[in-house]
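Participant: In our numbering, the protein residues as written are 6 to 143. No residue lacks a Cβ here, since even glycine has one placed at the ideal position from N, Cα and C. These figures come from a predicted structure and were not determined experimentally.
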């Protein structure tokens, strides 16, 4: 849950900055960024649940756990990327009625998020790993 909040805040901030960069005013950019981040919170929660169900039932890489984690991470990043691109495109097009700019904004946000999400996730994992929250002491 903490990661989803961090991820959505990252999406909101990048969306707000880039939509302004592509020529919209701050208020319109804020509205679009809020729609994108809010919808992403819903869609990514659903897609993550479905992604986990699929991986729970897959046994084809169960012998090599490291390979399984790598493939699972890559598959989730692909699902997340497609979700982000589509949401940004749809929201931008609905609010500003331009497919060319919607494509540019969607691909720009995706490109930046690829880096920011990895960095933020790394630090998120480090914080959770260093805390003892939820760990049963033996």
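1) Quick one: give me the first and last residue of the alpha helix (DSSP H) that residue 123 is part of.
2) Compare the Cα-Cα distances from residue 79 to each of 93, 123 and 38 and report the closest residue.
3) Using the C-alpha atoms, what's the distance from residue 138 back to residue 108?
4) What did DSSP end up calling residue 62 once you bin it into helix, strand or coil?
5) Could you pull out every unbroken beta strand (DSSP E) segment of at least 3 residues lying fully inside the stretch 14-40, listed in chain order?
6) Which of the three DSSP states, helix, strand or coil, is assigned to residue 68?
7) For residue 138, which of helix, strand or coil comes out of DSSP?
8) Can you give the beta carbon distance from residue 15 to residue 49, rounded, assuming they're within the 8 Å contact cut?
9) Would the beta-carbon of residue 83 fall within 9 Å of that of residue 41?
10) Quick one: any contact between the stretch 46-63 and the stretch 102-117, if contact means 3 or more CB pairs under 8 Å?
11) Here's a check: name, in chain order, each residue in its chain whose Cβ is nearer than 8 Å to the Cβ of residue 121, leaving out the five neighbours to either side.
Facilitator: According to the structure shown:
1) From DSSP, the alpha helix (DSSP H) with residue 123 extends over 104-135.
2) Comparing Cα positions, the closest option is 123.
3) Our two residues, residue 108 and residue 138, have alpha carbons roughly 41 Å apart in a direct line.
4) DSSP places residue 62 in the helix class (H, G or I) of the three-state scheme.
5) Runs of the beta strand (DSSP E) inside the stretch 14-40: none found.
6) In the structure shown, residue 68 sits in coil (DSSP, three-state: anything other than H, G, I, E or B).
7) In the structure shown, residue 138 sits in coil (DSSP, three-state: anything other than H, G, I, E or B).
8) About 12 Å; that fails the 8 Å criterion.
9) Not a contact, by the Cβ cut-off of 9 Å.
10) Look at the beta carbons and you see the stretch 46-63 not touching the stretch 102-117: under three pairs across the two are nearer than 8 Å.
11) Contacts found: 15 and 19.
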